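Written out below as structure tokens is the structure these notes cover.
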Amino acid sequence: YRLIRFVPERARFGAIEHTRFELQAFHMGWLFNRPVHLFEVADGRIRPMKFDTDDFIYERTAREKVPERAPLPGVAGFRLHNPINRPDIMDELVAFQGASYFRSLGRGSTYGLSARGLSVNTGSDVKEEFPRFTRFWITRPQPGSDVITVWAALESPSLTGAYEFVIEPGRNTVMEVTARLFFRKDIAQLGVAPLTSMFLYGDRNRAKFDDFRPAVHDSDGLEIVRQDGHRVWRPLSNPPRLASSFFKEDTPRSFGLCQRNRDFDHYQDAAAVYERRPSCMVEPIGDWGPGSVRLVEIPSDLEINDNIVAFWVPAQPAKAGEEMTLRYRLHWGDLPPEENGDLAYVKASRAGVGGVSGVENEDGSRKFVVDFFGGPLEHLPPEAVEDLTVVAAAVGARITSQVLHRIPGNNSWRLVLDVIGEGEVIELSAHVEGFGQKLTETWLFQWLTEQ
1399 YRLIRFVPER ARFGAIEHTR FELQAFHMGW LFNRPVHLFE VADGRIRPMK
1449 FDTDDFIYER TAREKVPERA PLPGVAGFRL HNPINRPDIM DELVAFQGAS
1499 YFRSLGRGST YGLSARGLSV NTGSDVKEEF PRFTRFWITR PQPGSDVITV
1549 WAALESPSLT GAYEFVIEPG RNTVMEVTAR LFFRKDIAQL GVAPLTSMFL
1599 YGDRNRAKFD DFRPAVHDSD GLEIVRQDGH RVWRPLSNPP RLASSFFKED
1649 TPRSFGLCQR NRDFDHYQDA AAVYERRPSC MVEPIGDWGP GSVRLVEIPS
1699 DLEINDNIVA FWVPAQPAKA GEEMTLRYRL HWGDLPPEEN GDLAYVKASR
1749 AGVGGVSGVE NEDGSRKFVV DFFGGPLEHL PPEAVEDLTV VAAAVGARIT
1799 SQVLHRIPGN NSWRLVLDVI GEGEVIELSA HVEGFGQKLT ETWLFQWLTE
1849 Q
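For what it's worth, the numbering used here labels the leading residue of the sequence shown as 1399, then goes sequentially.
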């Protein structure tokens, strides 16, 4: 399949029509053997976009299996290019391929996490469905415009749907999504605006992997901005067994999977360039009502496996015969937290054997180390610790020690917790308060004691 690629000179739209977008199709094959049909919308008319074998380059053994100038029954999807990085280069911007998966980039990004149109019964006791986009209608972009609109039809045994994507590339590429859903059957768990990513290992679980690279992940945390504006950061894990977390909220301001660490030295992978993988934040538009952000973490031994899923679950299950319309924006790009914002953010999260370093640990405690950076903590002197309060909690465990101190030389504040587990699943939370207000975002973590 990798021996087949689109002929760049046969891209639709592009320089021939003086637009800032061009379209290339994906050939069917490998994992993508169900046809998708594309249509162009222009001048009030809809025209099928037809592709044949002349649109593709077939290398080596692939050339032997495909007749010349033969029509294709469909394609596997498509990608849009745009001069997002340089005015003279049409770089890949967004790709729709496989089920309802799609992914995008901000300026300077390389592909990492993906989004999906919808998830159905993901991580539940009911068999999961994988809805798929079967048809796309792409507007012919206007000359000079940096906005393009794509419509899509979604099909699944339990539902059907119509989607609109208004895509605007930039430093952070923004997709405004409108989804109208029609339910054929009751659905146990509907997953809205699902994101899929990979976390193999990082600072907390590196010892499990014999690899020269210090960290391997497309995303390192789940970020939620609650309706009241308070921000939550939940570092990701590669758990020993399937793990799930729910974060109840009434229409959060935003949620998403982020890659906060942008330092090459953290990854040391010159080929994969994990420090350039995009973050993606979901911004609900309108009232989504009560529900939960759900995070599913799946055990994995290989970085080719997407083992992280995050999505919104409405509190009210979808019923057969009902309709639902949802709107949201997807923000793709670097998306760093504000260093001079109202709250300090979690810059690093580590874990190890509890107790005193160099002394045998006898109580079975685990040590969790959280570094906060920026915001109102940045310029506080070390002695200001007397005015600060750590608000920490552990469900299913006891916190036996908590220490907060400033790290000399790098403007960070370090919180060190020693925790003794009393159950199999332990939920930890911590933030710092002072001067009558919250000073940091809330750090959350799920500790499975067999980790």
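Glycine is no exception: its CB is placed at the ideal position from the N, C-alpha and C atoms. Remember, it's a predicted structure, so these values are computed and weren't measured experimentally.
Please report the straight-line C-alpha distance between residue i and residue j, rounded to a whole angstrom.
| i | j | result |
| --- | --- | --- |
| Glu1758 | Ala1605 | 19 Å |
| Asn1519 | Ile1824 | 25 Å |
| Pro1735 | Tyr1672 | 18 Å |
| Leu1837 | Gly1807 | 20 Å |
| Asp1601 | Ala1613 | 7 Å |
| Arg1533 | Pro1779 | 59 Å |
| Gly1731 | Gly1568 | 9 Å |
| Ala1493 | Val1814 | 42 Å |
| Ala1749 | Glu1457 | 48 Å |
| His1435 | Arg1764 | 54 Å |
| Gly1515 | Phe1645 | 21 Å |
| Glu1621 | Glu1776 | 21 Å |
| Asn1659 | Glu1462 | 45 Å |
| Gln1625 | Asp1685 | 11 Å |
| Gly1821 | Pro1637 | 16 Å |
| Asp1661 | Arg1812 | 20 Å |
| Arg1432 | Val1548 | 20 Å |
| Pro1471 | Phe1404 | 16 Å |
| Gly1832 | Arg1692 | 31 Å |
| Asn1603 | Asp1609 | 12 Å |
| Thr1840 | Phe1766 | 14 Å |
| Val1590 | Val1564 | 18 Å |
| Gly1752 | Gly1654 | 31 Å |
| Pro1418 | Asp1450 | What sits at residue 1418 in the sequence shown is Arg, not Pro. The straight-line gap from Cα to Cα measures roughly 24 Å. |
| Trp1845 | Arg1410 | 50 Å |
| Leu1429 | Glu1848 | 35 Å |
| Glu1566 | Leu1786 | 43 Å |
| Pro1712 | Glu1647 | 10 Å |
| Glu1415 | Gly1427 | 30 Å |
| Ser1498 | Glu1526 | 14 Å |
| Thr1649 | Gln1714 | 13 Å |
| Gly1412 | Asp1489 | 12 Å |
| Ala1460 | Val1473 | 16 Å |
| Gly1834 | Asp1769 | 21 Å |
| Gln1495 | His1425 | 10 Å |
| Asn1809 | Phe1771 | 7 Å |
| Arg1892 | Asp1699 | Residue 1892 cannot be examined here, being either before or after the span of the chain that is shown, 1399 to 1849. |
| Ile1402 | Lys1745 | 42 Å |
Under 8 Å by Cβ, that's how I've got residue i and residue j pegged, so tell me the actual separation to the nearest angstrom.
| i | j | result |
| --- | --- | --- |
| Val1789 | Ala1828 | 7 Å |
| Leu1552 | Phe1476 | That belief does not hold up - the Cβ atoms of Leu1552 and Phe1476 are roughly 16 Å apart, past 8 Å. |
| Gly1773 | Leu1741 | 5 Å |
| Asp1616 | Ser1595 | 5 Å |
| Trp1710 | Gly1687 | Incorrect: roughly 10 Å between the Cβ atoms, too far for contact. |
| Leu1640 | Ile1696 | 6 Å |
| Leu1634 | Gly1619 | 6 Å |
| Ile1818 | Gly1756 | Between Gly1756 and Ile1818 the Cβ distance is about 20 Å, and since that is not below 8 Å, they are no contact. |
| Asp1453 | Ala1423 | 7 Å |
| Pro1592 | Ser1517 | 4 Å |
So who's on the other strand from residue i, going by DSSP bridges?
| i | result |
| --- | --- |
| Ile1683 | Arg1725 |
| Ser1554 | Leu1557 |
| Ile1585 | Ala1716 |
| Gln1835 | Gly1832 |
| Leu1846 | Val1823 |
| His1435 | Arg1533 |
| Gly1427 | Phe1430 |
| Leu1640 | Leu1640 pairs with nothing; no bridge assigned. |
| Gln1422 | Arg1477 |
| Glu1562 | Trp1549, Thr1576 |
| Phe1528 | Paired residue(s): none; Phe1528 is not in a bridge. |
| Ile1369 | Outside the modelled stretch of the chain, which goes from 1399 to 1849, sits residue 1369, for which no answer is possible. |
| Thr1840 | Val1630 |
Would you check if there are 3 or more beta carbon pairs closer than 8 Å linking the segment 1719 to 1730 to the segment 1572 to 1581? yes
The segment 1474 to 1487 touching the segment 1510 to 1517, judged by at least three CB pairs closer than 8 Å: Taking 8 Å as the limit for Cβ pairs, the verdict is that the segment 1510 to 1517 does not touch the segment 1474 to 1487.
Continuous alpha helix (DSSP H) assignments of at least 4 residues falling wholly in the segment 1645 to 1727: 1662 to 1665
Contained beta strand (DSSP E) runs [length at least 3] in the segment 1466 to 1526, N- to C-terminal order: 1475 to 1484, 1487 to 1495, 1499 to 1502, 1512 to 1514, 1516 to 1518
Pick out the complete beta strand (DSSP E) segments inside the segment 1730 to 1768, 3 residues or longer, and give them in chain order. 1743 to 1751
If we count Cβ pairs, one from each stretch, closer than 8 Å, do we get three or more for the segment 1674 to 1687 versus the segment 1534 to 1552? no
Three-pair Cβ contact test at 8 Å for the segment 1497 to 1508 versus the segment 1437 to 1457: no
Measuring CB atoms only, is the segment 1556 to 1568 touching the segment 1583 to 1592, in the sense that at least three cross pairs come out at less than 8 Å? yes
Quick one: complete beta strand (DSSP E) runs, 3+ long, within the segment 1564 to 1638? 1571 to 1581, 1588 to 1595, 1597 to 1599, 1619 to 1623, 1629 to 1633
To test your reading of the DSSP string, which unbroken alpha helix (DSSP H) runs of 4 or more residues are found completely within the segment 1437 to 1469? 1459 to 1462
For the pair the segment 1662 to 1669 and the segment 1628 to 1639, tell me if three or more CB-CB distances fall below 8 Å. They do not touch, by the three-pair rule.
What are the start and end residues of each continuous beta strand (DSSP E) run of 3 or more residues lying completely inside the segment 1773 to 1817, in chain order? 1786 to 1793, 1795 to 1805
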